[in-house]
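Let me begin by presenting the structure, written as C-alpha cells, before commenting on it.
Protein chains in written order, with my numbering: chain A, 2 to 221; chain B, 3 to 302.
This is the structure we're talking about:
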C-alpha cells in the first residue's frame, strides 16, 4: 500500500508512510537488542543481561548479525530521509531558541518544517555512529583474522565501538523520551503513521502549511 | 568450604570482591628462561603438546629452525628462531622460548568482559577458563605479547596454563621438566630473579656480554616468565619481544575513564530526563483548533 492509498482518519494527517515506519522499527528493535547485549559486555554489573538473553556466548554470536540488521535499517532511513535532513539556517535558529523548547514554551520557537533541528541532529548522530560502529564492529567481530602487525586496528576498534555506542545511548534516551513521553502523539505516528492536525500545526507548522495549503496558527 | 576460588586473586569481568585476594600465604611462581643456553632442541614444545593432550597440527617449514610462525590455540609453546648479525659481522642464532608471560597485570584479564573466564591465581598464574569464555576475543586485543589464540570450532580462546595442574601438585611445568640444557628453571619468582642475576653477572664478567640483563618488564607489573638475554637493550631481536610492553592505552582508556564517564553519563541522563518530566511534563497541544489547553490551568 503506498503512502497515498493509506486511509487517514478525519482530523489526522499522514506523517510516516508504511515503509518509513517499518524501517524505523527494524532499526529500533535491533538497536534494543544491541543495547542490552552491548551493555552486558560493557560492565560486569550488567553481565546478567546477556545471561537473560540466552547466555553470553549466544549474545556474542548474535550481536554482530543483529548489528548488520541495524546498519541496514539506518541505511534505509538515510535513503528515505537524508534529503529532508539537511541542516539549514532555520535549524540553527531552532537551536538558538532551544531553551524554550526544553521548557515547553513551544509558541516561542521559530517555525519548523517536517523535522526540527533536534530531530535532524539525532538523525545525523545515529547515522555517523552507525558507520563508526559498523567499521569497528567488523574488526571486533573477527579479531582472529587481524594479524599481529595490524593490531592497532583492534586497539582503535575497542575504543571507537564503546565511544560511539555511548553516544547512541545518549541519542536513544532523548529520542525515546521525546517520542514516548514528551511529545504526545509522536509515538502513534510511527505506529499508525498519523498525527492530529493540531500536532502538525503545533510542532511542525511549516510542514502543516505545505501539506494542507492552509496557514498555521498565527504566531507571536 | 568451597576451595574453588580461594586461590584466585583476580577475576575477569567480575562485579564485587575476589575471594582469594590476600587470604593465603603463597609464593609467586615464575619460569626462568636463560636464552643464552637454549640450543633450540624443542623438547619443551613436544612436552607441552604431550602433557596437555593437544592434537597434532601441521608445522610450517620456512628454512629456519622455527616450527611455525607463531603459537596456535593447540600449540602454546614455541621456540622463536632469529639470526642476528652483530656489529663485527659475526652471526648469532637466537632461540627464544615463547609462551604466555603470566603478567602480574594481565591485559587479557583486564579486557575480558566475561565473569571468571580469565583468572589469576594467588601464585600469579593467569589461566583461561574456557567454560566461561564467550569467544569475544577481547583478550587477544588486551595482550601485549600476541599469546591468546582463537579456536574457530569451539569459538573459545586458549593459551599456556603454566601447567596449573602440575604446579598445584607441586610439580614443575612440563616444558621445564623436559629441558636438557638447564636453560629452563621453575620456582618462586624471588629465587628465579636471584638465579637470573647471578647468570647475568657471569655473562657480563666471563662471556663478554656487557649488555646482558634480566627481562621482567615493569609495564605489565613484571611477568611470571623471566628471561636472561645477551642484550637487554634490544629485546626486539629475539623474535619481537617488546622492549616496554604494557596494556594498550586504548584498552586502559576504555576500561577505566571511559567506563566511569559513560556510567555517570547514562545514569545522569536517565535521572535528568525523569526530573525534566516531573518538572516540565509533556508538551501540550490540543486536538481542536489552535488553542493550547495548558494555559488554562489553575494553580492553588
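In this text, a Cβ means the ideal position worked out from N, Cα and C, and glycines have one as well.
| Query | Result |
| --- | --- |
| Contacts that residue 148(B) makes with chain A (C-beta to C-beta distance below 7 angstroms) | 149 |
| Supposed contact pair residue 244(B) and residue 108(B) - C-beta distance, whole angstroms, cut 8 angstroms | That belief does not hold up - the Cβ atoms of residue 108(B) and residue 244(B) are roughly 15 angstroms apart, past 8 angstroms. |
| Own chain partners of residue 293(B) with C-beta closer than 8 angstroms, once the 5 adjacent residues on each side are dropped | Here residue 293(B) scores only 46 on pLDDT, less than 50, and its place in the model is too uncertain to base an answer on. |
| Proximity winner among 91(A), 99(A), 108(A), relative to residue 115(A) (alpha-carbon distances) | 91(A) |
| The stretch 143-159 of chain B touching the stretch 190-208 of chain A, judged by at least three CB pairs closer than 8 angstroms | no |
| Strand pairing of residue 34(B), partner residues [DSSP] | 187(B), 228(B) |
| Distance, residue 226(B) Cα to residue 170(B) Cα | 16 angstroms |
| For residue 132(B), the three-state DSSP class (helix, strand or coil) | helix |
| Backbone secondary structure at residue 7(B) - three-state DSSP | coil |
| Minimum Cβ-Cβ distance from residue 152(B) to chain A less than 8 angstroms | yes |
| Start and end residues, beta strand (DSSP E) containing residue 83(B) | 80-87 |
| Sequence-distant residues of its chain with Cβ nearer than 8 angstroms to residue 25(A) (five each side left out) | 17, 74, 78, 191 |
| For residue 70(B) and residue 80(B), believed in contact at Cβ under 8 angstroms, the rounded distance | 7 angstroms |
| Any chain B beta carbon closer than 8 angstroms to residue 107(A) | yes |
| Local conformation of residue 115(A) per DSSP, three classes | coil |
| Of the residues 146(A), 113(A), 167(A), the one placed nearest residue 131(A), counting alpha carbons only | 167(A) |
| Neighbour list for residue 16(B) in chain A, Cβ cutoff strictly below 8 angstroms | 45 |
| Exposed unless 16 or more other CB atoms sit within 10 angstroms - verdict on residue 163(B) | buried |
| Paired residues, beta bridge with residue 194(B) - DSSP | According to DSSP, which records beta bridges pairwise, residue 194(B) is partnered with nothing at all. |
| Pairwise C-alpha distance: residue 32(B) and residue 9(B) | 17 angstroms |
| Any C-beta of chain A under 8 angstroms from that of residue 138(B) | yes |
| Given residue 69(A) as reference, the closest of 135(A), 100(A), 40(A), 110(A) once Cα atoms are compared | 135(A) |
| Pairwise C-alpha distance: residue 32(A) and residue 133(A) | 15 angstroms |
| Residue 121(B) - containing alpha helix (DSSP H), residue span | Looking at the DSSP string, residue 121(B) is not in any alpha helix (DSSP H); the run it does join, the beta strand (DSSP E), is 120-123. |
| Limits of the alpha helix (DSSP H) - the one that residue 160(A) falls within | 152-177 |
| DSSP state of residue 292(B) mapped onto helix, strand, coil | Because residue 292(B) sits at a pLDDT of 46, beneath the cut-off of 50, its placement in the model cannot be relied upon, and the following sentence gives the value as read from the coordinates. The answer is coil: DSSP assigns residue 292(B) none of H, G, I, E or B. |
| Rounded straight-line distance, which links the Cα of residue 106(A) to that of residue 278(B) | 14 angstroms |
| Alpha-carbon spacing of residue 133(B) relative to residue 258(B), whole angstroms | 27 angstroms |
| Cβ of residue 256(B) within 8 angstroms of any chain A Cβ | yes |
| Exposure label - residue 382(B); buried when at least 16 CB within 10 Å | No answer is possible for residue 382(B): the residues shown for chain B start at 3 and end at 302. |
| Any chain B beta carbon closer than 8 angstroms to residue 72(A) | no |
| For residue 105(B), three-class secondary structure by DSSP | strand |
| Classification of residue 276(B) by the beta-carbon crowding that lies within 10 angstroms, buried from 16 upward | exposed |
| Through-space distance from residue 186(B) to residue 89(B), alpha-carbon basis | 29 angstroms |
| Reference residue 246(B), options 268(B), 221(B), 267(B), closest by Cα | 221(B) |
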